[in-house]
Amino acid sequence: MLIMRYALLALFIVQPAFSEGPYLPTSESLRGHKAPRWYEDAKFGIFIHWGPYAVPAYHEWYVEFISPKANFGFMFGGPPYTATRGGLPETLFLSKTRAAAVEYHRKNWGADFPYDNFIPMFRAEKFDPEAWARLFREAGARYVVLTAKHGDEFAMWRSKVTTRNAVDMGPKRDLAGDLTRAVRAAGMKMGFYHNTTYTFWDPRFPGRDWVDYMNSSIRELIDLYHPSVLWGDVLDGPVRDGQGKPLPADYWGSKQVLAYFYNRSDPSGGVAANDRWGQDVDGKYLGDFATPERTRMTAIRTGKWETCDSLDPTSWGYNRNLPESDYMTPNQVVDYLVDVVSKNGNLLINIGPRADGTIPEVMQSCLRGVGEWLRVNGEAIYGTRYWDTYRDGDVRFTRKGDTLYAIALEWPEENLRLTSLAGKAVAKVDMLGLGEPVKWRQQSDALIIETPGRRPCKYAYTFRIQLKAKR
9 MLIMRYALLA LFIVQPAFSE GPYLPTSESL RGHKAPRWYE DAKFGIFIHW GPYAVPAYHE
69 WYVEFISPKA NFGFMFGGPP YTATRGGLPE TLFLSKTRAA AVEYHRKNWG ADFPYDNFIP
129 MFRAEKFDPE AWARLFREAG ARYVVLTAKH GDEFAMWRSK VTTRNAVDMG PKRDLAGDLT
189 RAVRAAGMKM GFYHNTTYTF WDPRFPGRDW VDYMNSSIRE LIDLYHPSVL WGDVLDGPVR
249 DGQGKPLPAD YWGSKQVLAY FYNRSDPSGG VAANDRWGQD VDGKYLGDFA TPERTRMTAI
309 RTGKWETCDS LDPTSWGYNR NLPESDYMTP NQVVDYLVDV VSKNGNLLIN IGPRADGTIP
369 EVMQSCLRGV GEWLRVNGEA IYGTRYWDTY RDGDVRFTRK GDTLYAIALE WPEENLRLTS
429 LAGKAVAKVD MLGLGEPVKW RQQSDALIIE TPGRRPCKYA YTFRIQLKAK R
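Under the working numbering, the sequence shown is numbered contiguously, ending at residue 479.
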């Protein structure tokens with residue numbers, strides 16, 4: 009099998025020794041690592057799902073959908089997996105999408121057209137990493153995460169672990185390296201997603217050769233680019249041992265990978281890893297931040313978390329069949345961001361570029377709209393922390409020291425009444441983007457703020473409330 013060729017190739021590569029450093033591949037040591045301050049402050053990042061699956065332009069799991077050996081029942085077996093996509097439970101959505109994808113593939117490419125024939129068609133001939141970086145910076149993003157390798161096992165970098173990579177095949181270019189340089193030159197942090205599961209071929213009993221191959225690939229990515237974020241996937245629960253039990257972190261060598269990552273971290277500010285590396289022996293997860301998907305949480309979570317979602321509600325990769333009207337709007341993304349940040353989260357919003365390296369205008373327009381809002385209201389997002397409560401009706405709260413930000417998701421047509429601030433000692437109130445104070449008064453049961461006569465932005469309006477310092 010093709011994958012075995014690459015897995016066996018990895019076994020002949022000299023495995024790098026773990027670099028010396030403070031972190032050991034043990035639960036106790038790894039749990040001493042925390043997300044760095046830059047990540048806590050960043051709040052907003054760009055996720056990019058890009059690879060050969062952009063050629064059929066249907067779905068990021070296209071290879072799994074058209075492969076008769078893919079086994080989604082295995083992946084999502086055992087205890088209920090409750091994620092949703094396109095308004096449906098994930099299992100039902102995938103079942104419906106797979107059936108439709110098989111028919112789509114038959115009509116457009118032929119039933120016998122193999123997935124790997126898309127690789128030479130994935131040329132990225134219009135890819136401009138500097139233009140991408142400018143767009144992300146204009147959007148107000150503080151970090152970027154690229155799918156360096158997804159379930160099709162195509163590496164987007166100059167790899168010696170596998171010849172199935174973007175330099176030896178397809179674009180004949182180090183896509184990951186070029187984007188990394190551009191993103192960092194634009195003042196943002198760079199991270200990588202690396203699929204960590206046997207999703208294409210039947211994963212019922214993955215062998216040690218697969219684990220060695222996968223971990224060699226991740227270590228190579230770390231050594232070449234020193235990412236600030238390492239984003240594993242799928243090992244957080246759905247991947248099971250054939251009997252409904254999650255495969256543990258020790259099986260996958262996740263502790264060794266994370267220790268390697270932490271010890272070779274970016275010296276300019278530290279690194280962060282997500283929590284999708286398999287369950288530890290005590291049932292807890294490794295990593296620095298939790299990663300619920302397409303969700304906002306219903307309350308403040310004191311532990312750091314990040315939700316990821318896609319501008320396309322049905323796919324993470326480019327889908328040429330989706331009407332532009334179905335994409336998220338800037339208003340929706342801003343409301344999403346504000347809600348997530350008020351609960352101690354980050355938002356990683358996803359785009360799916362085309363196979364030629366261009367980003368669809370509907371995605372660019374949305375990101376620029378978010379950036380326009382952040383240029384007025386970014387003070388209420390970047391570097392903030394959660395407050396005593398995250399909401400008061402349609403208002404969301406963030407804070408910096410004695411400054412409280414009350415972000416109204418809708419324009420208050422009448423005076424804004426905040427019962428959460430009843431009895432609070434308020435010194436001053438103004439609105440970001442107006443540059444002038446607004447009238448307010450304190451009542452026994454609420455803070456009353458008079459709505460200004462004009463709006464400083466198109467949506468989500470921030471009242472800056474200066475609280476009197478406690479003595």
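All residues carry an ideal CB built from backbone N, CA and C; glycine is no exception. Owing to the predicted nature of the structure, the values given are computational and were not obtained by experimental measurement.
Item, Value
"Using only CA atoms, which one of Val237, Ser224, Gly278, Thr188 lies nearest to Val265?", "Ser224"
"Just verifying my parser: in three-state terms, what is the DSSP assignment at Met222?", "helix"
"Do you know whose CA, among Tyr390, Trp46, Phe135, Thr299, lies nearest Pro368's CA?", "Phe135"
"Counting pairs of Cβ atoms below 8 Å between the stretch 359-374 and the stretch 421-433, do you hit three or more?", "no"
"Considering only residues of the same chain and omitting the five flanking positions on each side of Asp49, which have a CB-CB separation below 7 Å?", "Tyr390, Gly391"
"Which residues does DSSP pair with Asp317 in a beta bridge?", "Ile357"
"Taking Val63 as the reference, which of Met129, Cys316, Gln287 has the closest Cα?", "Met129"
"Within the continuous alpha helix (DSSP H) that includes Ala190, where are the two ends?", "183-193"
"Assuming Ile54 and Ala147 form a contact by the criterion Cβ under 8 Å, report the distance between their Cβ atoms to the nearest whole angstrom.", "7 Å"
"When you compare each of Thr105, Leu183, Asp410 to Pro361 by their alpha carbons, which one comes out closest?", "Leu183"
"Based on DSSP bridge pairs, tell me the residues matched to Asp241.", "Asn203"
"Quick one: what does DSSP say Asn327 is sitting in, helix, strand or coil?", "coil"
"Please name the residue, chosen from Ala141, Tyr66, Gly377, that lies closest to Arg106 on a Cα-to-Cα basis.", "Tyr66"
"Please classify Arg272: does DSSP put it in a helix, a strand, or coil?", "coil"
"Under 8 Å, with one C-beta from each stretch per pair, do the stretch 370-384 and the stretch 408-421 reach the 3-pair mark?", "no"
"Can you list, in chain order, the residues of its chain whose CB lies under 7 Å from that of Glu387, leaving out five sequence neighbours each side?", "Leu440"
"Can you give me the Cβ contacts of Asp453 inside the same chain, cut-off strictly under 7 Å, excluding the 5 residues immediately before and after it?", "Thr427, Ala430"
"Is the stretch 267-283 touching the stretch 229-236, taking contact as three or more C-beta pairs under 8 Å?", "yes"
"What are the residues that DSSP puts in a beta bridge with Pro4?", "Residue 4 lies beyond the range of the chain shown here (9 to 479); nothing can be said about it."
"Out of Glu332, Lys351, Asp220, Arg150, point me to the one whose CA is closest to Thr397's CA.", "Lys351"
"Considering only the alpha carbon of each residue, which of Tyr413, Phe73, Thr204, Glu228 lies closest to Val219?", "Thr204"
"Ignore the nearest five residues each way along the sequence and tell me which others in Tyr394's own chain have a CB closer than 6 Å to its CB.", "Ile308, Asn352"
"Using 10 angstroms around the beta-carbon of Glu444, count the other beta-carbons present and answer buried if the total reaches 16, otherwise exposed.", "exposed"
"Go ahead and pull the three-state DSSP assignment for Val169.", "coil"
"Report the three-state DSSP secondary structure of Ile127 (helix, strand or coil).", "helix"
"Quick check on Ala416: does DSSP put it in helix, strand or coil?", "strand"
"In terms of residue numbering, what span does the beta strand (DSSP E) encompassing Tyr151 cover?", "151-157"
"From which residue to which residue does the alpha helix (DSSP H) around Leu440 run?", "Counting along the chain, Leu440 falls outside any alpha helix (DSSP H), and DSSP gives it neither H nor E."
"Exposed or buried, Ala477, counting other C-beta atoms within 10 Å across all chains shown (16 or more means buried)?", "exposed"
"For Asn352, which three-state DSSP category applies?", "coil"
"Would you call the CB atoms of Glu314 and Asn354 closer than 7 Å?", "yes"
"Looking at C-alpha atoms only, which residue of Thr155, Pro137, Asn329 is the closest neighbour of His57?", "Thr155"
"For Asn116, count neighbouring C-beta atoms within 10 Å of its own C-beta (all shown protein chains included) and say buried if the count is 16 or more, exposed if not.", "exposed"
"Do Pro256 and Gly286 have their C-beta atoms within less than 7 Å of each other?", "yes"
"Would a C-beta distance cut-off of 7 Å place Tyr112 and Gly325 closer than the cut-off?", "no"
"Considering Cα atoms alone, identify which of Lys197, Arg166, Glu138 is closest to Val153.", "Lys197"
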